Every structure is written in C-alpha cells, then in structure tokens.
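Visitor:
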Amino acid sequence: MVCRKKAIKLMSQDIFSHLTSSLLAVAFLTSFGSSMLYGYNLAVVNSPAGYIKDFYNRTVVSRNGTGLNEEALTLMYSLTVSVFAIGGLIGSLMVGTLVTKFGRKGTVVNSTVLVFLAGSLMGFSRICGSPEMVIFGRFITGIHSGISLSVVPMYLGEIAPKNLRGFLGLMPSNFICAGVFSAQVLGLHELLGKEEHWPLFLSLVVVPTFIQLMLLPWFPESPRYLLIEKHNVHATITALKWYRAKCNIQAEIEEMQEEQRSLSSVETVSVWQLLLDHTVHWQVLSVVVINIGMQLSGIDAIWFYTNDIFENAGILAPEIQYTTVGTGAIEIVAGLIGCFTIERLGRRPLIIGGFGVMGMCCAGITLSLILQTHVPFMKYVSVGCVVGIIAGFCIGPAGVPFLITAELFKQSHRPAAYTVGGSLNWMSNFTIGFIFPFLQMSAGSYCYLVFCVICLSVAIYVYFVIPETKNKTFVEISQMFATKEAVEESQAFTHPDQLKLKKMNGYGSLENGSLEFDSSSSCP
6 MVCRKKAIKL MSQDIFSHLT SSLLAVAFLT SFGSSMLYGY NLAVVNSPAG YIKDFYNRTV
66 VSRNGTGLNE EALTLMYSLT VSVFAIGGLI GSLMVGTLVT KFGRKGTVVN STVLVFLAGS
126 LMGFSRICGS PEMVIFGRFI TGIHSGISLS VVPMYLGEIA PKNLRGFLGL MPSNFICAGV
186 FSAQVLGLHE LLGKEEHWPL FLSLVVVPTF IQLMLLPWFP ESPRYLLIEK HNVHATITAL
246 KWYRAKCNIQ AEIEEMQEEQ RSLSSVETVS VWQLLLDHTV HWQVLSVVVI NIGMQLSGID
306 AIWFYTNDIF ENAGILAPEI QYTTVGTGAI EIVAGLIGCF TIERLGRRPL IIGGFGVMGM
366 CCAGITLSLI LQTHVPFMKY VSVGCVVGII AGFCIGPAGV PFLITAELFK QSHRPAAYTV
426 GGSLNWMSNF TIGFIFPFLQ MSAGSYCYLV FCVICLSVAI YVYFVIPETK NKTFVEISQM
486 FATKEAVEES QAFTHPDQLK LKKMNGYGSL ENGSLEFDSS SSCP
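Count along the sequence shown from 1, add 5, and you get the number used in our numbering.
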C-alpha cells in the first residue's frame, strides 16, 4: 500500500512538473474567455425569461397598438433560446476553414469580435426598443460558441505535452460548468435577477472576452500548426520553449517531423474527403458516436426539467433557485474530479463510467417517477438520480469527446474532424430540445429509458472500439487504428500470409505491396 501511494505521488509529480506557467495561462485564458461563454449563454436566459417576454410584448404594443397572444410570445421567446444552437451549428461548420487560415490561437483571438458585437446588441436592446437585437445577439454568441467549442480543445491539445493533454483538454469543459454556475448565481434576485438588470446580465459576456483579448495575443501559436502546416521551424522552436519546462524539445520536434513526413503528400483534408477516406473510418465513426451520444444522453432535458423534478420532490418554489445553484456547484466539483484524475485513470474509464452512471440514473428516474405516487421516498430518489446524471456527465462525457476528437486524428485530418464532431453536437442539441417535449408527452415517465439505452450503448461502443490514448503521441494513436484496420483486412483475405501494409494519408491501410507481414505474427 505504501509503495502504491509513493508510485501515485511520483507519477503526479512527473505529470505536473511539465505544467509550465505559460501552458496554464493559455489554458485559463482560452477557457475563461471562450469556453465559459458557452455555459453562461446556455443558462443566462432562464432567470430573466419573464422580463424578456414582457419587454417583447411592450415593444409590440408600442409598435402595433396590440400585444402578442400567449402562443406568439412563447414562439418569440423560444426563438431567442433556440437561435443560439442555430448559430452554434454555423460556427462549427466554419472551424476547418478558420483554423487552417488563421491558426488555432489566431481563430480564438479573431473570433472575439463576435462577442463584442453580440454584447453590444443585447446590452442596448432595451434602450433601442428592439427585440430583434436580442435575438440577433443570441445568434452571434451561438456562432462564437460553435467556433470556440472546437478550436479551444484543438489548440490546447496541440500545445500540451502528451502526459498533460487530458488535464488541459478537460479545462474547457470545467469552465463551461463554471459558466453555467456563474449565470445561475448572477441570476439570483439578490444580484442581477431584477427586471432593470437583464440587458446587463445578457451582455456581461464581453468582460471575460476583453481579458482574453488583452493577454492571449502575447502567447505563441500551436507549435504543431507552425511546423506541420506553416513549415516554420524557428517559430516552432520558440513556441516550444515557451510551453515546455526543462524537457528535451528536440525529441518532440522529431516526433512532429515524423508526422510531417507521413503527411508530406497530403494537404489538409475537407469534410467530404474525411468522410470518404476509408483509412480513418473507425476514427470518424468514433467521433460521430461520442458527439451525438454526448447530446442525446438526455443531459439537456435533465437541465431543462430540473425545477419540475425538484418541485415534485417537495422543495418549496422560492428555494428551488438556490437548489439549482447547488446542482451547478456539483457540476464544477465533478468536472474538477475528472480534470485531476484523467491522467491517472485515462480517457476510457471516465467516458465509460460517466455514460454508465448516466444510463443507470436515467433508469432510476423512470422508476422513481412511476413509483413516487405509491412510495413517498421515491421523490428523493429522483433528486439523487438528477444529481447522478449531472455528476456523471461532467466527470467525463462533458469534455472527453472534444479531447478524443483531437487525439484520434493527425494534423491533416483534425480540422475536418472537429467540423464533423462540432456540427453533429449542435444538431443533436437542437434535435433533443425540439423532440423531447413530444417524447415526454407520448412516453411519459418512460421517456428517460430512451436516454438510458443511448448512454449504455455509447459506453459499450467506447469499451470495445476506442483504445486508451493516455500518454500516446498522435502518431502512436494513428498506428493503433491502423492495426485495427490491418486485423479487419486480414480477416477478409483468404491467404493472410499475402497481407502487406502501405502508408496512406499518414495513417495506414492495407494493400498488396510494400511492407510484408509474416502470417505467424498476425493476431489470433
């Protein structure tokens, strides 16, 4: 036991000895000024919903002489909420082009103009008497979040040493949880939850972005981008000296050059080329599964109906807002647990365990809702299941999918992979928000069983398909999938001893020519 504790301590010291102040500063600035805004904008419209509807109605009365009916007012407010996801989808589709043209850091910095524009529109909307400014401002913040959700993990994944990719890669998801929590706290009636404050409440997004814009430009671009895509060795060495401690940067440059040589004849691929490239079909399928599963896990439905579940549990209406803030605190704690354990446990345990806990808790909510009329304590079980789903999501599925998207692909395919993953994430987000009310009406308490099946299916897929990527270089991860391709292809051949390997697009595919494999060494 003592030896084990010493080993864990030594491993932790080894990991964090590579965590330089520059790495930590960039992770903080990008997550605080970009990722946190996504969480903030998800929750910011909940508290002032009534005030925003009153503003819409008064504005229409002043323009037309008559107010909106309940259905039209609800539709207008729903558009205000959902247009954020539409903007996010558009932003995610722009990622591949932006990161190739401006770089990773350049895209983060240049996209800040969207936040200032959106903040100005929403902040001055009441003075100008324009609901359209609120809606358009929400749309623009969605575009910024769609870009940030993909670019920030990509940037951090490329500047981090391999034994810190998990730790730094989960920082954006922790700040997303912090953004949700900040909106919940600031939305309390004692703070900015009053009618006169809602324009300020919506426009506060400019503050963290301003801090980011002042400081982030002083830090270097991604070394991998500088070397592999821009072929700038001098700038790469300078960037690595910023981001590394006393480690040997020559070894890391050689690893990047090895990847560069494998991609020497390959330009940055488009989304269409990525989907048609059979050498990465397992990686693409994995990105599709985990990103769709992340949103179809039911977490958005749980967040939306948390107040109803708490009300059914007997919590008094005035106290529900404070209980909701408590769930926000649980999100942050669970996210920190994931962040500080991912380099010790690996990616697979967090994502498999997270989806597994969510699946069991979804089944638990169904059971508790069915039985709570007959068994009084079941209403408290439903509250526990809500907490379990939120904690399970934040400890792994909230951030690991973005990290894995970076790790499963080489430089040439990574921008397109993030475009695919990000767009599917936003489309699934929009879909679940649109379908869930109808699903709940038709299936009642059993609707959560759908999420249970999805969560457990994703956990099973990850268990059997996605390898552990902890402490692996991007080249080593690609070779693991190339081996999977080799095993599959060998089973399709009548004579496995004729099997041969050829490097293709920097990954690995099988062909009759080049490097031979002896049948005696093939996998059983």
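Backbone N, C-alpha and C define an ideal beta-carbon position, used for all residues, glycine too. As the structure is a computational prediction, the values presented were derived from the model and not from experiment.
1. Counting pairs of beta carbons, one from the stretch 368-387 and one from the stretch 228-238, are three or more of them closer than 8 Å?
2. Under a three-way DSSP split, which group does residue 320 fall into?
3. Kindly confirm or deny that the stretch 417-428 and the stretch 394-401 touch, where touching means at least three C-beta pairs closer than 8 Å.
4. Is residue 81 near residue 73, with beta carbons less than 8 Å apart?
5. Residue 385: buried (16+ other C-beta within 10 angstroms of its C-beta) or exposed?
6. With burial defined as no fewer than 16 other Cβ atoms inside 10 Å of the residue's Cβ, what is the status of residue 469: buried or exposed?
7. Are residue 325 and residue 366 touching if we call contact CB-CB under 8 Å?
8. Where are the alpha helix (DSSP H) runs, 4 residues long or more, that stay fully inside the stretch 327-397, in chain order?
9. Assign residue 110 to one of three DSSP states: helix, strand, or coil.
10. Would you check if the stretch 54-69 and the stretch 129-140 touch, i.e. whether three or more CB-CB distances between them fall below 8 Å?
11. Report buried or exposed for residue 334, applying the criterion of at least 16 other Cβ atoms within 10 angstroms of its Cβ.
12. Given residue 23, which residues of its chain have a CB within under 8 Å of its CB, disregarding the five upstream and five downstream residues?
13. Quick one: grab the DSSP three-state call for residue 282.
14. Using CA coordinates, which residue listed in 113, 370 and 40 is at the minimum distance from residue 454?
15. Let's see if you can read the secondary structure: which residues bound the alpha helix (DSSP H) around residue 135?
16. Quick check on residue 62: does DSSP put it in helix, strand or coil?
17. Helix, strand or coil for residue 294 per DSSP?
18. Between which two residues does the alpha helix (DSSP H) containing residue 416 stretch?
19. On the premise that residue 427 lies in contact with residue 276, defined as a C-beta separation below 8 Å, what is that separation, rounded to the nearest angstrom?
20. In chain order, what residues of the same chain lie with their CB nearer than 7 Å to the CB of residue 150, ignoring the 5 residues before and after it?
21. Return the CA-CA distance between residue 415 and residue 254, expressed in angstroms with no decimal places.
22. Counting C-beta neighbours from all protein chains within 10 Å, is the total for residue 447 16 or more, i.e. buried, or is it exposed?
Guide: In short:
1. no
2. Indexing the sequence shown from 1 puts residue 320 at position 315. Coil, per DSSP.
3. Cβ pair count under 8 Å is below three, so no.
4. Taking the sequence shown and counting its residues from 1, the one referred to as residue 81 is at position 76. Taking the sequence shown and counting its residues from 1, the one referred to as residue 73 is at position 68. If you check the CB distance, residue 81 and residue 73 come in under 8 Å.
5. Residue mapping note: residue 385 aligns to position 380 of the sequence shown, counting from 1. Label assigned to residue 385: exposed.
6. Here residue 469 is taken as the residue at index 464 of the sequence shown, counted from 1. By the 10 Å Cβ count, residue 469 comes out exposed.
7. Reading the sequence shown from its first residue, position 320 is the one you call residue 325. Reading the sequence shown from its first residue, position 361 is the one you call residue 366. Contact flag unset, no.
8. 352-376
9. As a working note, residue 110 is residue 105 in the sequence shown. Correct three-state label for residue 110: helix.
10. With the cut-off at 8 Å, the stretch 129-140 and the stretch 54-69 touch.
11. Along the sequence shown, one-based indexing puts residue 334 at 329. Residue 334 comes out exposed.
12. Indexing the sequence shown from 1 puts residue 23 at position 18. Here the set comprises 166, 168, 169, 249, 250 and 252.
13. The residue given as residue 282 occupies position 277 in the sequence shown. Residue 282 falls in the coil class under three-state DSSP.
14. Translated into positions along the sequence shown, residue 454 becomes position 449. Cα-wise, what sits closest to residue 454 is 370.
15. Taking the sequence shown and counting its residues from 1, one reaches residue 135 at position 130. Where residue 135 is concerned, there is no enclosing alpha helix (DSSP H), given that its DSSP letter is neither H nor E.
16. By one-based count along the sequence shown, residue 62 stands at place 57. Residue 62: helix per DSSP, three-state reduction.
17. Position 289 of the sequence shown, counted from the start, is the residue given in the question as residue 294. Note: residue 294 maps to helix in three-state DSSP.
18. Along the sequence shown, one-based indexing puts residue 416 at 411. Run containing residue 416: none; DSSP gives neither H nor E here.
19. Reading the sequence shown from its first residue, position 271 is the one you call residue 276. Reading the sequence shown from its first residue, position 422 is the one you call residue 427. The Cβ separation is near 11 Å, so there is no contact.
20. Looking up residue 150 in the sequence shown gives position 145. Result list for residue 150: 42, 43, 46, 93 and 96, in chain order.
21. Taking the first residue of the sequence shown as position 1, residue 415 is located at position 410. Taking the first residue of the sequence shown as position 1, residue 254 is located at position 249. C-alpha separation (whole angstroms): 20 Å.
22. Numbered from its first residue, the sequence shown carries residue 447 at position 442. By the 10 Å Cβ count, residue 447 comes out exposed.
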